[in-house]
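Chains as they are written, first to last, in this note's numbering: chain P, 1 to 106; chain V, 1 to 125.
Now the structure itself:
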């Protein structure tokens with residue numbers, strides 16, 4: 001079975017910082033990788049699909065890259081509304097989610 | 001506007017049963033596959049089950065296989081999750097999510113593009 005490992009599990013950052021979150025698959029998943037944002041008490045929201053395609057309406061400060069086993073989600077300039085938990089999801093073999101990365105205010 | 005609204009959550013005793021519903025609107029429901037995803041308190045997301053647009057193909061996570069049954073009624077624009085033999089570890093918020101396919105080829109990659117607000121299931125005596 002494929003395992004998905006996100007790192008870090010949490011991070012503290014300031015408004016305006018560049019933030020990078022990593023998701024690593026235990027085997028190649030080509031580009032079948034999606035990213036979601038979840039705020040407390042809310043449903044997850046799709047940010048990026050197919051490793052790098054920005055979902056409609058998502059700000060361009062979010063970007064995704066990677067293929068094979070290593071993927072990154074980058075927020076180019078962190079905004080107050082970006083403090084949330086981020087999840088990756090592989091769709092190569094099932095719909096497994098990573099453990100999440102909580103982005104907190106420094 | 002796409003809307004997914006779950007209902008049917010609540011408190012249930014271990015070993016009990018519950019049926020969740022997800023009412024869909026704002027899109028042609030019978031054109032889309034659907035999923036159920038859950039989130040235990042303070043934990044991450046766990047995919048549970050998938051159903052094809054016509055209802056003929058279903059998949060389950062190992063954690064719920066044999067206990068949960070996914071179904072849909074396209075005439076009512078509704079998705080369901082019948083949950084039996086519930087355990088304390090099934091306590092979670094349950095979400096329905098629309099399955100969006102992109103790309104082409106024999107295997108179409110996908111994502112979950114719309115989610116409901118979730119309904120809480122608490123399994124406790």
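Cβ atoms here follow ideal geometry from the backbone N, Cα and C, with glycine treated the same way. Just so you know, these numbers come straight off a predicted model, no measurement behind them.
Assigned exposure category for residue i - 16 Cβ within 10 Å defines buried
| i | result |
| --- | --- |
| residue 81 of chain P | exposed |
| residue 102 of chain V | exposed |
| residue 104 of chain P | exposed |
| residue 90 of chain V | buried |
| residue 1 of chain V | exposed |
| residue 31 of chain V | exposed |
| residue 28 of chain V | exposed |
| residue 6 of chain P | buried |
Distance between residue j and residue i (C-alpha atoms, nearest Å)
| i | j | result |
| --- | --- | --- |
| residue 54 of chain V | residue 56 of chain P | 27 Å |
| residue 39 of chain V | residue 63 of chain P | 25 Å |
| residue 71 of chain P | residue 92 of chain P | 14 Å |
| residue 70 of chain V | residue 88 of chain V | 20 Å |
| residue 114 of chain V | residue 125 of chain V | 34 Å |
| residue 67 of chain P | residue 16 of chain V | 44 Å |
| residue 22 of chain V | residue 104 of chain V | 28 Å |
| residue 117 of chain V | residue 38 of chain P | 12 Å |
| residue 9 of chain P | residue 41 of chain P | 19 Å |
| residue 17 of chain P | residue 43 of chain P | 25 Å |
| residue 106 of chain V | residue 12 of chain V | 42 Å |
| residue 25 of chain V | residue 98 of chain V | 11 Å |
| residue 123 of chain V | residue 63 of chain V | 16 Å |
| residue 83 of chain V | residue 100 of chain P | 26 Å |
| residue 36 of chain P | residue 52 of chain V | 22 Å |
| residue 119 of chain V | residue 9 of chain V | 5 Å |
| residue 47 of chain V | residue 106 of chain P | 32 Å |
| residue 5 of chain V | residue 94 of chain V | 11 Å |
| residue 3 of chain P | residue 61 of chain V | 14 Å |
| residue 34 of chain P | residue 85 of chain V | 32 Å |
| residue 52 of chain P | residue 19 of chain V | 37 Å |
Proximal chain V residues relative to residue i, where beta-carbon distance stays under 9 Å
| i | result |
| --- | --- |
| residue 97 of chain P | 37, 44, 45, 46, 47 |
| residue 8 of chain P | Residues of chain V passing the Cβ test: none, with the nearest at roughly 14 Å. |
| residue 87 of chain P | 44, 45 |
| residue 100 of chain P | 43, 44, 45 |
Chain V residues whose Cβ lies nearer than 7 Å to that of residue i
| i | result |
| --- | --- |
| residue 49 of chain P | 102, 111 |
8 Å Cβ cutoff, residue i in contact with chain P
| i | result |
| --- | --- |
| residue 26 of chain V | no |
| residue 116 of chain V | yes |
| residue 95 of chain V | yes |
Beta-carbon spacing of residue i, residue j below 8 Å
| i | j | result |
| --- | --- | --- |
| residue 78 of chain P | residue 19 of chain P | yes |
| residue 45 of chain V | residue 87 of chain P | yes |
| residue 128 of chain V | residue 68 of chain V | Here chain V has residues from 1 to 125 only, and residue 128 of chain V is not among them. |
| residue 21 of chain P | residue 90 of chain P | no |
| residue 50 of chain V | residue 33 of chain V | yes |
| residue 112 of chain V | residue 35 of chain V | yes |
| residue 24 of chain P | residue 69 of chain P | yes |
Beta carbon proximity, residue i to chain V, threshold 8 Å
| i | result |
| --- | --- |
| residue 44 of chain P | yes |
| residue 5 of chain P | no |
| residue 108 of chain P | Limits of chain P in this structure are 1 at one end and 106 at the other, which puts residue 108 of chain P out of reach. |
| residue 91 of chain P | yes |
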